[in-house]
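Here the protein sequences line up with chains A and U, keeping their order. The numbering of the first sequence is our numbering, which starts it at 11 and goes up by one. The numbering of the second sequence is our numbering, which starts it at 11 and goes up by one. Notes for the one structure printed next.
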Amino acid sequence: MRVESLRQLTLARFREFTREPEAVFWTFVFPLLLAGGLAIAFRDKAPEQAIVATVSAPAGDGAAMFVGKALRAAAADSNAQLTVREIPADSIADVLRTGTAALVVVPQAGGGVEYRFDPARPESRAARRITDDLLQRARGRADPVPTRDATISERGSRYIDFFVPGLLAMNIMGSSIWSLAFAIVTQRNKKLLKRLAATPMSRLEYLLSFVLSRLLFLGLEIAVLLGFGVWVLDVPIRGSLALLVLVAFIGAAAFGAIGLLVSSRARTVEGVSGLTNFVMLPMWIFSGVFFSASNFPAALQPVVQALPLTALVNGLRAIMLQGSGLVGVLPQIGVLSVYLLVCLAVALRVFRWQ
Amino acid sequence: MTVAASTPLALEVIGLRKSYGDVVAVNGLDLRVPAGQCFGLLGPNGAGKTTTIEICEGLNTPDSGTVRVLGRTWDEQPTALRAQLGIQLQETQLAEKLTVEETLQLFRSFYVHGRTIDDVIDLVQLGEKRKARVGGLSGGQKQRLALACALVGDPQLLFLDEPTTGLDPQSRRQLWTLVEGLKAEGRTILLTTHYMDEAERLCDNIAIVDHGQVIALGTPRQLIASLGAEHVIRLSTGHDGDESRAVRHPVALTELLALPDVRGGRETETGYELRVGAVQQALPPLLALAESRGVQWSELSTHSATLEDVFVSMTGRQLRDG
């Protein structure tokens, strides 16, 4: 192993990447766009209003007319949780199909009410509960249990706080695997790998240079995404920043090794693209980036917990949101280290040089 | 081939065989390359040259046969052996985003001992392009850079696989001058080419390869002398394959071969090609015969015999036919 050739190989990787302006742009700008979009979608705001549609009651039926009156009165209230729209009777199906209202209230002759909604939509179920309570109370129902609401919107327990560590982990996975797979397969395709294999270059050094060059960029990626998260989205980092960076680096090295393995045989960029997606897709779904991985059935949990992205997401989340120390994230570091060593060793054995 | 028995061999190949499925690429090939020589492997595309050279370079493994490079086989310490070889492959595309200097720094870093970057840049005359990206170089400049990459380790033995294929005449001559310089420094060079003029100019010894075997071996002069003829006369009736055979070949080949001083020959697409001792002796009877038959030659040319003629007489095919 020669330090100089490892340095030159890493430098070559670094130069090739920085001289590809498009690649740099997407590596840094894409996650920012995603985080920005989510920040807008999940910004702090008044609780969602349910949109309820109602059709006019048959003329002269006083009991039925009451429904429209009660709903309008409720909507006019300053604390209203409802927005009410009047629609013609023949457009009920349309409204439900397009989702422009969560619930359609159809007054029945004699004062009864029919609710039409899709129970699979959470906002429709909520709208039904709110509307029903309103109507029942307006008709004089008394609630025997006195209740009081104490709402929380504490920093660190919002969805965006949950999501930013996941986004960071997903970005580390994506950029590590993609950049390596693309670069290696291109070099193989251009017979450059074969030329390098004809020199006394150490093959381990060649593979390590890819992992190392990933780490160089990672520093920048983490800084950009975390900076945005902390300053713009006000996401907390409760644990140690050094530990956070350490776990991110181990994660990047592990995904770099997975990237090497993915690209160890493929001869074309098209071939490796399919393989890369095949490897990453299950992790996008199962690793708890967008929602908690505990939603999956217990039978699946051993698999879910063994995925490297799950380990990285959980590790980063524990440090940022729960303030875990090194001991708390040791299991995650362990899982990632195993992936790093095993994938690197296998890649070195099966790597196709020509 | 005249080699003193005491000259050490830089490369020795015995009974080399390699097949890809049903296709036999190399079929019992033998080579002995003495140290300090420029040795040419000559043959059409698909003759097995590249497979042979890649096995010698340790990039491919033979099905059977022995290869000794600088006295060693690839089973012993391959990394140490690679450090002594300079290799230029066919169709390597170096990283386009790196500069000439950066590319050479990278390759230099693989060798413990070697030449300085400045030294090799001067040698291949890329000083002006030192800071230029590889992607912006011309074909000839890229080939010179590839040669420079082969030289940074100061190799004893150089493998050059079709170094001038696809280059314009000026770039080819520039590369020839470079190779002659390397020869003068006492390095051993194994060169493959399908250009006859290249082999004649650069190589001390040549092996003509066809169908995975060496079919002729010797110095360029010996090979040409083996034709038994000094000159070649080409005759054309000016009619091509659209015309009937009798129009294209109005005289029987045997009649032409029976003429004085004609040593051999063959029919070509549009006429004949005859190997003769001396043009001034062979030509008058040839013209007299044609006149007596009322044959008009639309084209008649003569040239001194070349390696190309050697190849044609041995295989009945042109080298470029592949």
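Here a beta-carbon is modelled for each residue, glycine too, at the ideal position from N, C-alpha and C. Note that the coordinates shown come from a computational prediction; the quantities given were computed from them, not determined experimentally.
Give me the Cβ distance between residue i and residue j, rounded to the nearest whole Å; I'm assuming they're in contact under 8 angstroms.
| i | j | result |
| --- | --- | --- |
| T280 of chain U | R258 of chain U | 6 angstroms |
| V345 of chain A | I187 of chain A | Not quite, the Cβ-Cβ distance comes to about 17 angstroms (not below 8 angstroms), so this is no contact. |
| A3 of chain U | A22 of chain A | Since the first and last residues shown for chain U are 11 and 332, residue 3 of chain U lies out of range. |
| L233 of chain U | L317 of chain U | 6 angstroms |
| A74 of chain A | G121 of chain A | 6 angstroms |
| V43 of chain U | L69 of chain U | 18 angstroms between Cβ atoms; not a contact. |
| P173 of chain U | Q98 of chain U | 6 angstroms |
| P72 of chain U | R118 of chain U | With a Cβ gap of about 31 angstroms, P72 of chain U and R118 of chain U do not count as contacting. |
For residue i, which of the options has the nearest alpha-carbon?
| i | options | result |
| --- | --- | --- |
| I61 of chain A | A:C353, A:P132, A:W188, A:S185 | A:P132 |
| L217 of chain A | A:F265, A:V289, A:L336 | A:F265 |
| A194 of chain U | U:L296, U:V322, U:C48, U:G146 | U:C48 |
| L285 of chain A | A:I268, A:G298, A:L92, A:F238 | A:I268 |
| V189 of chain U | U:A156, U:H221, U:I218, U:D220 | U:A156 |
| G58 of chain U | U:V43, U:T247, U:T76, U:G38 | U:G38 |
| S74 of chain U | U:R82, U:I65, U:R143, U:V219 | U:I65 |
| E210 of chain U | U:D171, U:V36, U:L51, U:V23 | U:L51 |
| I343 of chain A | A:Q146, A:L106, A:I329, A:Q118 | A:I329 |
| E67 of chain U | U:L136, U:T83, U:Q223 | U:T83 |
| L228 of chain A | A:L253, A:G239, A:A258 | A:A258 |
| G137 of chain U | U:R143, U:V144, U:G145, U:D128 | U:D128 |
| S66 of chain A | A:A99, A:L144, A:K200, A:M211 | A:A99 |
| I247 of chain A | A:S15, A:L351, A:A83, A:R165 | A:R165 |
| D250 of chain U | U:G81, U:Q103, U:S308 | U:S308 |
Could you tell me which chain A residues have their CB closer than 8 angstroms to the CB of residue i, listed as they occur along the chain?
| i | result |
| --- | --- |
| T89 of chain U | P210, S212 |
| R92 of chain U | A208, T209, P210 |
| Y121 of chain U | T209, P210 |
| I97 of chain U | R205, A208, T209 |
Once DSSP output is grouped into helix, strand and coil, what is the label at residue i?
| i | result |
| --- | --- |
| L21 of chain A | helix |
| L284 of chain U | strand |
| I140 of chain A | helix |
| M11 of chain U | Low confidence applies here, because M11 of chain U scores a pLDDT of 49, under 50, leaving its location unreliable; read the following figure in that light. Of the three classes helix, strand and coil, the one that applies to M11 of chain U here is coil, per DSSP. |
| G75 of chain U | strand |
| R7 of chain A | A question about residue 7 of chain A goes unanswered here, because the residues of chain A that appear run from 11 up to 364. |
| Q100 of chain U | coil |
| C213 of chain U | coil |
| V348 of chain A | helix |
| L227 of chain U | strand |
| S254 of chain U | coil |
| V134 of chain U | coil |
| D178 of chain U | coil |
| A142 of chain U | coil |
| S167 of chain A | coil |
| R276 of chain U | strand |
| C353 of chain A | helix |
| I295 of chain A | helix |
| L92 of chain A | strand |
| Y125 of chain A | strand |
| T264 of chain U | helix |
| T89 of chain U | helix |
| T320 of chain A | helix |
| G332 of chain U | Legend: pLDDT at G332 of chain U = 41, less than 50; position of this residue unreliable, value from coordinates given subsequently. It is coil, neither helix nor strand. |
| L222 of chain A | helix |
For residue i, which residues in chain U fall below 7 angstroms Cβ to Cβ?
| i | result |
| --- | --- |
| A191 of chain A | Residues of chain U passing the Cβ test: none, with the nearest at roughly 17 angstroms. |
| R327 of chain A | Per Cβ cutoff of 7 angstroms: no residues; R327 of chain A is ~37 angstroms from chain U at best. |
| S15 of chain A | S119, F120 |
| R25 of chain A | K107, L108, E112 |
| A308 of chain A | Simply none; closest approach about 50 angstroms. |
Can you tell me which residues form a DSSP beta bridge with residue i?
| i | result |
| --- | --- |
| E22 of chain U | U:R42, U:R78 |
| V33 of chain U | U:Y30 |
| T202 of chain U | U:L51, U:D171 |
| H313 of chain U | U:V242 |
| L218 of chain U | In the sequence as presented, Leu is not what sits at residue 218 of chain U; that position holds Ile. Answer by DSSP bridge pairing, in chain order: U:L52, U:A226. |
| L113 of chain A | A:V62 |
| T17 of chain U | Paired residues: none, contrary to the question. |
| T1 of chain A | Because chain A in this structure spans residues 11 to 364, residue 1 of chain A falls outside the shown range and cannot be described. |
| L95 of chain U | U:L167 |
So residue i contacts chain U; which residues on that side make the cut at Cβ distance below 9 angstroms?
| i | result |
| --- | --- |
| E30 of chain A | K107 |
| A276 of chain A | Under the 9 angstroms cutoff, chain U gives no residues; its nearest Cβ is about 18 angstroms from A276 of chain A. |
Name the chain A residues that come within less than 7 angstroms of residue i, Cβ to Cβ?
| i | result |
| --- | --- |
| Q103 of chain U | K200, K201, L202 |
For residue i, which residues in chain U fall below 8 angstroms Cβ to Cβ?
| i | result |
| --- | --- |
| L19 of chain A | L116, S119 |
Find the residues of chain A that neighbour residue i, judging by a C-beta separation of less than 9 angstroms, and give them in chain order.
| i | result |
| --- | --- |
| L80 of chain U | Result: empty, since nearest Cβ-Cβ is about 14 angstroms, beyond 9 angstroms. |
| L69 of chain U | K204, A207, A208, W363, Q364 |
Does any residue of chain D have a CB that is nearer than 8 angstroms to the CB of residue i?
| i | result |
| --- | --- |
| A35 of chain U | Here the protein chains are A and U, and chain D is not one of them. |
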